[in-house]
Amino acid sequence: MRFSLNFIQEFLKVDTSPKELASLLTMAGMEVEGLEKEGSDWIFDIEVTTNRYDWLSILGISREIAAITGKKLKVNYPGSLTKFNFTTRDIVIEDKGDCPYYIGRRIEGVGVSASRAWLQERILNCGLTPVNNIVDITNYSMLKWGNPLHAFDADKLEGNIYIRRAKKNESLIGIDGKERVLGKENLVIADSKKVIALAGIIGAKNTEVTETTKNIFLEAAVFSPLTVRRSRRAAGLDTESSYRFERAVSPQLLEHASCEAAKLIADLSGGKNKGYKVVGKKPQLPEKNITISISSLSAYLGLEPLKLKVKKILENLDFKVKDLAKDKIVVTPPQSRFDIKREVDVYEEFSRIYGYDKIPDQIPFLKRNLTISNQADYYHFKGELANLVALLGFKEIITYSLEEKEQLTIEDRDVIGLINPLRSQENALRTNLLFGMARSLRHNFNRTLKGTSTQGRLRLFEIADTYSKSKKGFLETPTLALAISGKEGGFFLLKGVLEKILSFLNISNFEFKEGSLNNFTNSLRINVGNCNLGFLGKLDQQQKKDLDLKEDLFFAQLDLSICAKTRGQKRYKPFSSYPAIWRDISISLKKSIKFEEIEKIIKAKGNYLTGFTIIDVYKGKDIPSGYKAFTLRIFYQSTEKTLTSSEVDSFHNQIRQSLSQQQGLNLR
Amino acid sequence: MENEIKGLEEEFQRDFQEANSPKELEILKIKYLGRKSTFAELFARIPTLAKEERSTWGKKLNAFKQKITSLLEGKEGQAKSEEERIDLTPPSVFLESGSRHILTTVSEKICSIFEKLGFVTIEGKEIEEEWYNFEALNIPLEHPSREAFDTFYLDIGEKDKGKYLLRSHTSPSQIRVMQAAKPPLAVISPGRVYRPDQVDATHSFMFHQVEGFVVDEDINFAHLKGVLLHFVREFFSNKVELRFRPHFFPFTEPSAEVDISCFVCKRKKEEEEVKKCSVCKGKGWLEILGCGMIHPKVLKACGIDSKKYKGFAFGMGVERIAMLKYGIEDIRLFYENDVRFLKQFSL
């Protein structure tokens, strides 16, 4: 909200410099976001929090300034102007819940023209645009007292005034020229024939005050905040008026606002007040007495007890304060503050004026319920794992949790959609991390890596939740995704990375099982017993094309909740102090036979076997077609002695013999 | 013999002066010490000398041999290392390394600062029930205060429409913890949050927050101030100051917004510099978080006796903190994952 310092001076003589005032207000909770000089005036742009409806008026702001600067406010309440009811039309409220209190006034013989300079300046400096003297006066009154008013051209009204809900398919063309179809959500002002305003939000074109208007019907009312909120949301607009009604307006000031506007209209446009009509009852707010213990207040804020200071500050804020006992006072907040309901609200009022900066800084000794601990959560586990994966050369990425529903399948999972997505590209919670990963890779292939030394070589990872519906409710699964681009490495690099991660987690009894996954050419599942920890695979060519990836993508995903549960304790394992000895075997193997078969044989026969590795892949001409050739190096070691050459030879020969009996395998 | 040795020595000195490369020195070695050298000839003549002269000349020759050997080797060593010297100014070998994302690094850093004070880190759930995101936090249905926390609702059939949502802040984890465990509590809770904001340089429909709270019998506003001052001094620099501005949040009372003194223009040092500062826009202060004393209604909603227990809570946006600390001007950079961005925060 914008307010002008000259306008404030109508209630209060301010001699603090504008800059200092801005800083005082900011430090009391009325944040001044902008301060500008405009002629002889200063314009303050303030943020009004939703609890302070009373700051949406010059009176309310003046009250705050008075409290902060310790000054007295001078308010001339306009009071009641006319004492007679007009009889020309009735005002009928359908539901007092929507509108408890309504004042209509009739002013005759007005001359509509541009406002005087001072009035235009008031309005302009508070951020509104002058229209004509009548509208400007209603706006002036709204700014000053906080109560939005509306002036109708009385000659365009037909019959009585009704405050009622809109009927189905009724519509209204607002003074903004836009037509809106209304419904039962909308509270309207209507005459006997038509809708003349969206109550508390905007007037209709059909009864707008124009240059030819002679007689005015001036509306002042209290509308239910919730009704106005629902109505303006349904109608899709937000106005100065609805903004105030939604946050509540003061019933106490309503008469004054209405009265002053009527008086000004008469004074400035040559009209005559011709009576008023009041419908409903002015809502009475019960006086609220709150007992405050000074020592509790001080303990809450971390201050020494300051009874006199507390009383003084609250009195400056227009609270009534009575002594009750040595440590106790009873306070009554002013009528304008229905946000003050309990002790803590009073604590806040005191502390914000006293100054948060005067409260000391202390570090408490933090006690803690031992049933909760850092171990209870995945957070640190995820951090440790992320550090490991980064050490393996992967860069961590963060991608959006929201995806397009149709994109999401790798495995069958029940997708959770959104009711109100911003765009169809983000209308569901993702069930895997593949597409965010692919998007990041694509971005880098297309933009970053062109012509640089990295040239399509990427290792990326993300740790984030994946989401799905299950019988028990919603599942949020912490998940690790790993990606290696084709130029960086292949499947076996990724498999090696996974083995490294599993070894870090001390999960040793895992196995890779070939499986088939949507969108992957070739894939392995990682299982521990009956549990599936995740998978790795190469994205198929169709997906690679659909995702517009310039390089192959090797992708793996691990379910971290299962990893955390399966994870083992690290224990030191002694290692042999005797040398390891190796023997090589050159093998050609039929392509239809998997290496797995060789592994089984070696492991079955392996006395003192400690490991094996492929040291060479042979691609010469003498390999029969349909075969692949390689050299395997097998390591032998004892924990008790140095193995002799002949011992090793005998173990090794057993393996050779078993291998030679295997179909489709030749020793070379 | 004496003249011959002298002649040889003089000749050697001349040659030695001229020889510089390892190759030339190698030739000298052969010339003077090789099997066919004059020196070898002289040695060969020793047995022909008179008995008493043999040892004298033998010693002299050996001394001479040692001298030129050491001279040659010394110079050769120098020449060799001279040859090995290279131009050290060409580009170095490029090392690729892994990295953590700056947002997770910042989140972890924030949590660890609070953990050292005794806080426990607990992540909440991103899928929340309406009640936890709003009512329990004293944000009534259809109240204007809800507007700041608009969120995405989950599509789970008509029956539960509006019941489940993506949390719009990390505060619901406060409620979850307080329902599950009794005070004293000190918890820090990081995570993703969601609001239906169109993406631009400063908005994102998904971002990260860190929430913290303490509940115990004698907790007060001064503790909140102290804990946050400790945090910003650990995180930014031990020279920053804090400013607590009264504000409104439905779930705290009193509430405050907290600014740190601008660590770029250092505030006040030169009035003119502050005005020009592009980071704080001349204000001298940067808003970094919201906080306050937990509202008694919130404690009550969690079954905690607000007469006995008090608490404070605070929440901050990780993106905002990272943007301020590292001078990042566009929030989209965090989610685009451009390698040129990522690698600036390598391990």
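Sequence lines, in order, name chains A and B. End of the first sequence = 668 in the numbering used here, gap-free, step of one. End of the second sequence = 347 in the numbering used here, gap-free, step of one. From the three backbone atoms N, C-alpha and C, an ideal C-beta is built for every residue, glycine too. What you are looking at is a predicted structure, and each value in this text was computed from that prediction instead of being measured.
By the DSSP assignment, the alpha helix (DSSP H) with residue i in it spans what residues?
i        : result
Met1/B   : Run containing Met1/B: none; DSSP gives neither H nor E here.
Tyr243/A : Glu240 to Arg247
Gln654/A : Ser645 to Ser660
Leu388/A : Tyr379 to Leu391
Gly226/B : Phe221 to Phe235
Arg525/A : Taken as a continuous stretch (DSSP letters only), Arg525/A belongs to no alpha helix (DSSP H), being part of the beta strand (DSSP E) at Phe520 to Val528.
Asp345/A : Glu343 to Tyr354
Pro172/B : Pro172 to Ala180
Gly315/B : Taken as a continuous stretch (DSSP letters only), Gly315/B belongs to no alpha helix (DSSP H), being part of the beta strand (DSSP E) at Lys310 to Gly317.
Among residues of its own chain, excluding the 5 on either side of residue i, which ones have a beta-carbon nearer than 8 Å to its beta-carbon?
i        : result
Ser508/A : Leu502 and Gly568
Ser241/A : Met142, Pro148, His150, Gly200, Ile201 and Ile202
Phe235/B : Lys109, Ile110, Ile113, Ile321 and Lys325
Asn160/A : Arg89, Asp90, Ile91, Val92, Asp191 and Ser192
Val318/B : Leu103, Val106, Ser107, Ile110, Pro190, Phe207, His208, Gln209 and Val210
Just to confirm my understanding: we take residue i, look at its own chain, exclude 5 residues before and 5 after, and list those with CB closer than 7 Å. What are they?
i        : result
Asp323/A : Ile329
Phe28/B  : The amino acid occupying residue 28/B in the given sequence is Leu; Phe does not appear at that position. Counting only Cβ-Cβ distances below 7 Å, and skipping sequence neighbours, we find Asp15, Phe16, Ala19 and Leu72.
Ala386/A : Glu396 and Ile463
Among the residues of its own chain, which have a CB less than 6 Å from the CB of residue i, if the five just before and after it don't count?
i        : result
Asp330/B : Ala201
Can you say whether residue i is buried or exposed, counting buried as having 16 or more other CB atoms within 10 angstroms of its CB?
i        : result
Gln174/B : buried
Gln657/A : exposed
Asp136/A : buried
Glu147/B : exposed
Gln557/A : buried
Pro172/B : buried
Glu287/B : buried
Thr138/A : buried
Gly664/A : exposed
What are the boundary residues of the beta strand (DSSP E) that residue i is part of?
i        : result
Cys531/A : Cys531 to Leu539
Cys291/B : Trp285 to Ile294
His150/A : Leu149 to Asp153
Asp616/A : Leu609 to Tyr618
Ile175/A : Counting along the chain, Ile175/A falls outside any beta strand (DSSP E), and DSSP gives it neither H nor E.
Ser293/A : Ile290 to Ser293
Thr477/A : Gly473 to Ser485
Val415/A : Where Val415/A is concerned, there is no enclosing beta strand (DSSP E), given that its DSSP letter is neither H nor E.
Asn273/A : Lys272 to Gly280
Who are the neighbours of residue i on chain B, taking C-beta pairs under 8 Å?
i        : result
Tyr675/A : Residue 675/A lies beyond the range of chain A shown here (1 to 668); nothing can be said about it.
Gly383/A : Thr104 and Glu108
Ser351/A : Phe221, Pro246 and Pro254
Ser373/A : Val120
Tyr300/A : Asn220, Phe221, Met293 and Lys310
Glu348/A : Pro246, Glu253, Pro254 and Ser255
Going along chain B in order, which residues have a C-beta closer than 7 Å to the C-beta of residue i?
i        : result
Lys367/A : Pro184 and Asp216
Asn186/A : By Cβ distance, chain B contributes nothing, its closest Cβ being about 15 Å from Asn186/A, past 7 Å.
Given that residue i touches chain A, what residues does it touch there, using C-beta distances under 9 Å?
i        : result
Leu289/B : Per Cβ cutoff of 9 Å: no residues; Leu289/B is ~14 Å from chain A at best.
Met323/B : What Met323/B touches in chain A: nothing, since even the nearest Cβ is about 14 Å away.
Val177/B : Ile372
Ser145/B : Thr49, Thr50 and Asn51
Give the residues of chain A in contact with residue i, contact being defined as C-beta atoms less than 8 Å apart.
i        : result
Tyr335/B : Ile398, Thr399 and Tyr400
Glu142/B : Leu226, Arg229 and Arg230
Asp155/B : Ile416, Gly417, Leu418 and Ile419
Arg100/B : Ala386, Asn387, Ala390 and Glu396
Given that residue i touches chain B, what residues does it touch there, using C-beta distances under 9 Å?
i        : result
Tyr356/A : Phe221, Lys225, Arg243, Phe244, Arg245, Pro246, Pro254 and Ala256
Val331/A : Per Cβ cutoff of 9 Å: no residues; Val331/A is ~16 Å from chain B at best.
Using a Cβ cut-off of 8 Å, which residues of the region 213–226 of chain B contact any Cβ in chain A, in chain order? Of all residues in the region 213–226 of chain B, Val214, Asp216, Asp218, Ile219, Asn220, Phe221, Ala222, His223, Lys225 and Gly226 have a Cβ within less than 8 Å of some Cβ in chain A.
Beta carbons nearer than 8 Å to chain A: which residues of the region 107–132 of chain B have them? So the close ones are Glu108, Cys111, Glu115, Leu117, Gly118, Phe119, Val120, Thr121, Ile122, Glu123, Lys125, Glu126 and Ile127.
Counting only Cβ-Cβ distances shorter than 8 Å, please list the residues of the region 480–510 of chain A near chain B, keeping chain order. Of all residues in the region 480–510 of chain A, none has a Cβ within less than 8 Å of some Cβ in chain B.
Residues from the region 236–247 of chain B in contact with chain A, defined by Cβ distance under 9 Å: Along the region 236–247 of chain B, the positions whose C-beta sits under 9 Å from a C-beta of chain A are Leu242, Arg243, Phe244, Arg245, Pro246 and His247, read in chain order.
Check each residue of the region 19–52 of chain A: if its Cβ is closer than 8 Å to any Cβ of chain B, include it; give the result in chain order. Only those residues of the region 19–52 of chain A whose C-beta falls short of 8 Å from the nearest C-beta of chain B are listed: Thr26, Met27, Ala28, Gly29, Glu31, Thr49, Thr50, Asn51 and Arg52.
Report the residues of the region 236–264 of chain A with a CB closer than 7 Å to any CB of chain B, ordered along the chain. Here the close residues are Glu246 and Arg247.
Tell me which residues of the region 54–67 of chain B have at least one Cβ-Cβ distance to chain A shorter than 9 Å, keeping chain order. Listed by position, the residues of the region 54–67 of chain B near chain A (Cβ gap below 9 Å) amount to none.
Could you run through the region 68–91 of chain B and flag, in chain order, every residue whose CB is less than 8 Å away from some CB of chain A? If the cut-off is 8 Å between Cβ atoms, the region 68–91 of chain B has nothing near chain A.
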